[in-house]
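Some notes on the structure that comes next.
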Amino acid sequence: MSLSAWVRRARTPAPAPVAREFAFLEPADLFDLEIKDDPEASPVLCCTGDPAGAAAFNALWLKRIAASGRYAGAVSVRGQGGTPAAEGGVEARAHDLVQAAVTVPRQAVFIGHREGASWAALAAGRYPAAGLVLVSPRQFPKQPPKPVGGPPVLLVVSESEAQSKEAQAVTDAYGVAPLTFAGSPDEVFKGAAAEGLLDAILSWLAPKK
Amino acid sequence: MQEYSSQAAYDRGEAVCVIGAGASGLIAVKNLRENGFEVDCYERDTVLGGLWNPQNQHSPLYPNTHLVTSRSQTEIPDFPMPDDWPDYPSAAQMLTYLTAYAKHFGLSEHIWYGSEISTIEPVEGSRFEVIVKPAAGNAARRLRYAAVIIATGHHWAPNLPAYPGQDQYRGTVLHSSQLKDASRLRGKQVLVVGGGNSGVDIACEAAVNAAGCVHSVRRDSWHLPKYLGGEPADYALARLGSRPKFLRRFLTDRILKGPGRLAARMGIDVPDHGPTGEEPVRNGRYLEHVGDGSIRRRGEVARFDGYDVSFADGTEMRPDLVVLATGYRPKITCAPPGLLGVDGDSPYPKLLARMFSPRLETLAVAGLVEPGVGVLPIVHWQTHAIAHWLHVRKGDPERAANFRRQVVSESGQYEIEPSGASPRHQLAVDAEAYLASLGRIIDTLEQEPAK
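Line by line, the protein sequences give chains A and B. As numbered in the working numbering, residues -9 to 199 make up the first sequence, in order. As numbered in the working numbering, residues 415 to 865 make up the second sequence, in order.
What follows is the structure, given as structure tokens:
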């Protein structure tokens, strides 16, 4: 975040606060002796453009992330799931994401899916995320802000999207090559393809803590 | 010459030493770590949070301390406060916030508590030898660091005035930092000395708790309510800064007309300079308490006499309790004054761009400014610049030399001419100009090196 971007933001009205729906699972919540909590590993915070919001991650994602020893959280931004609708565009949704991130115990990794990837990219411009994972981004900003603190960035797209303009935009902005997964970009929340995708993300995260 | 100490000192290599674990120290540690530096932070007390922690033995908190700048203008830029907090969080919330910041970024493991730095000595290779004196009587340790950042703050050494007859005074005199509980005011005749933010806040506490409150003010300053035009006052004023110049003056005058007239009605001469110059007093209740007579304003204290206090205007009173809300003087005990450009007995360092030592490239001070706006964001950008500077200096000496020249030329642009006799405004800077200057400094540091 540059100083001028901060000055601009501090002088525009802040988005109206909303009571955000937040779902989380810690490794200890799984009651499984096999699972070791890794206190060094960065927590993960997920968001999606899907209208279900945080609830979309309940089926598979939160459990599987927690099973890898990480704190797993998911947030519904304004208008999604159990979070009331409120005024504000993408900036307000990025604000919701940052506000959720600062309540996570430690510096979090953002995982954004669909529109959520765009919000995560904006949020990473004002909060030093420990990592930024963009899954099948949609409506991606043309010039996303430079991520604060230089986190590692991962782009994951379905095979059908590998040549899409979003994938190209992300590649240009962050200089990362896309990782592809089989299956539809909207069906990432359960099923065999989703498990494969999630395991790929978690193994990318593993050495980075 | 250095042979003995270099054998005895433990060399920490490229690590940086941060002195103080208050708000500025924590921000410095976080930003240095983000730029890949190893950091050791030394805190002489046993708790973090500096002035915001009531357990800190040098804490300046008085009953009911709240922020005087609003949440959105005070939060650390990359770690916002929860948006359901009030506009003006309390001291307890500030401590919660700083503790969360330290926990979130894993800062505690880099802080050594109960370790006072007795002195720092420059040694060869623009490095420092730091002598750490543990609180619990063990022998001092010597360590070597590549750089030192002093973040010891300037709100811990009380500034105590000496009035004639004060040592013979038979009543109770407290500095504002010793007043930890509003019940001490209850049922007393209270004299509050000092017209800064703390004096005005304590006078308001006394107005509702004490039997009577007299407020002695030496010189008038701007009084702003905490809200202007339905918005937090500092936010409303800062927003005007983004308007075109010709409108700015007009809008500022319009928004300040009401508070200015109210102050004039209460017999306060508003100084000529705008409220953004010196730190204005930000309290919406004070003038109403003056208006309903529960605070009586007087001029300067002339002398103490037995149980009585007389004022410069010839009036007298017999207070049960005198609270000296006379502020603090900056005091840096850990570094030789010469390194910070101090000349003579003045406690005020002369730093380049208000943060870099004029003598040594690897010594910097964080948070020794009074910008009249929330200071945490200023410290964030200061330490951001310092961390980048140390980074550039390590990799590219030529760029570093150019940068040094720029910093020297930047210094002094944002000085505010002290308009009165009060020495405390030596730390004041014009926030707008200082931020612009910090922006230019950071831009230079972040530029890609010329090939």
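Every residue, glycine too, gets a C-beta built ideally from N, C-alpha and C.
8 Å contact criterion, which residue i and residue j should meet: CB distance rounded
i	j	result
residue 147 of chain A	residue 109 of chain A	Rounded, the Cβ-Cβ distance is 17 Å, inconsistent with contact.
residue 521 of chain B	residue 503 of chain B	About 20 Å separates the two Cβ atoms, so there is no contact after all.
residue 75 of chain A	residue 69 of chain A	4 Å
residue 38 of chain A	residue 103 of chain A	4 Å
Close Cβ partners of residue i (< 6 Å) along its chain, the five nearest in sequence each way excluded
i	result
residue 713 of chain B	725, 726, 727
residue 463 of chain B	509, 512
residue 532 of chain B	545, 547
residue 425 of chain B	558
residue 431 of chain B	454, 544, 559, 562
residue 804 of chain B	561
residue 44 of chain A	11, 13, 64, 65, 66, 71
residue 47 of chain A	36, 64
residue 587 of chain B	736
residue 469 of chain B	461
Beta-carbon neighbours of residue i, restricted to chain C and to distances below 7 Å
i	result
residue -6 of chain A	Protein chains in the displayed structure are A and B, and chain C is not among them.
Residue i versus the options, residue with shortest Cα-Cα distance
i	options	result
residue 572 of chain B	B/804, B/746, B/742	B/742
residue 710 of chain B	B/721, B/609, B/747	B/609
residue 162 of chain A	A/172, A/-1, A/132, A/140	A/132
residue 450 of chain B	B/697, B/619, B/853, B/798	B/798
residue 625 of chain B	B/733, B/650, B/638	B/733
residue 680 of chain B	B/428, B/700, B/662, B/661	B/700
residue 26 of chain A	A/85, A/42, A/58, A/190	A/58
residue 179 of chain A	A/81, A/-9, A/89, A/125	A/125
residue 693 of chain B	B/575, B/634, B/457, B/447	B/634
residue 704 of chain B	B/669, B/621, B/761, B/721	B/621
residue 3 of chain A	B/821, B/716, B/669, B/484	B/484
residue 550 of chain B	B/529, B/637, B/568, B/669	B/529
residue 168 of chain A	A/114, A/175, A/153, A/177	A/153
residue 788 of chain B	B/487, B/749, B/846, B/428	B/487
residue 802 of chain B	A/151, A/42, A/-2, A/139	A/139
residue 731 of chain B	B/595, B/630, B/523, B/770	B/630
residue 592 of chain B	B/757, B/574, B/601	B/574
residue 1 of chain A	B/536, B/527, B/636, B/645	B/645
residue 555 of chain B	B/538, B/526, B/579, B/539	B/526
Residues near residue i in its chain [Cβ-Cβ closer than 7 Å; skip 5 each side]
i	result
residue 491 of chain B	791, 794
residue 698 of chain B	639, 640, 641
residue 120 of chain A	32, 97, 98, 99, 141
residue 696 of chain B	482, 611, 638, 640, 647
residue 859 of chain B	799, 802, 803, 806, 817
residue 745 of chain B	571, 761
Interface flag, residue i vs chain A, CB-CB below 9 Å
i	result
residue 820 of chain B	no
residue 514 of chain B	yes
residue 809 of chain B	no
residue 476 of chain B	no
residue 519 of chain B	yes
residue 542 of chain B	no
residue 466 of chain B	no
residue 834 of chain B	Confidence in residue 834 of chain B is poor, its pLDDT being 46 and thus under 50, which makes the residue's placement too unreliable to answer from.
residue 502 of chain B	no
residue 493 of chain B	yes
residue 507 of chain B	no
residue 824 of chain B	no
residue 448 of chain B	yes
residue 417 of chain B	Legend: pLDDT at residue 417 of chain B = 39, less than 50; position of this residue unreliable, value from coordinates given subsequently. No, because no Cβ of chain A sits closer than 9 Å to the Cβ of residue 417 of chain B.
Near the ligand NAD: residue i beta-carbon under 8 Å from a heavy atom
i	result
residue 854 of chain B	The ligand NAD is not among the ligands present in this structure, which contains no ligands whatsoever.
Residue-level contact to chain B via CB, residue i, 9 Å cutoff
i	result
residue 73 of chain A	no
residue 62 of chain A	no
residue 93 of chain A	yes
residue 5 of chain A	yes
residue 89 of chain A	yes
residue 118 of chain A	yes
residue 84 of chain A	no
residue 0 of chain A	yes
residue 96 of chain A	yes
residue 9 of chain A	yes
residue -3 of chain A	yes
Beta-carbon contacts of residue i that lie in its chain and below 8 Å, excluding the five residues immediately before and after
i	result
residue 19 of chain A	56
residue 78 of chain A	5, 6, 68, 85
residue 674 of chain B	684
residue 16 of chain A	27, 56, 61, 62
residue 577 of chain B	715, 716, 717, 718
Inspect the CB distances between the segment 813 to 827 of chain B and the segment 471 to 478 of chain B and report whether three or more fall short of 8 Å. Touching, no, given that fewer than three Cβ pairs across the two stretches are closer than 8 Å.
Check whether the segment 762 to 769 of chain B and the segment 177 to 197 of chain A are in contact - that is, three or more C-beta pairs closer than 8 Å. With the cut-off at 8 Å, the segment 762 to 769 of chain B and the segment 177 to 197 of chain A do not touch.
State whether the segment 772 to 791 of chain B contacts the segment 557 to 572 of chain B, with contact taken as three or more CB pairs (one from each stretch) at a distance under 8 Å. Yes, they touch.
State whether the segment 452 to 467 of chain B contacts the segment 592 to 611 of chain B, with contact taken as three or more CB pairs (one from each stretch) at a distance under 8 Å. Contact fails: fewer than three Cβ-Cβ distances are below 8 Å.
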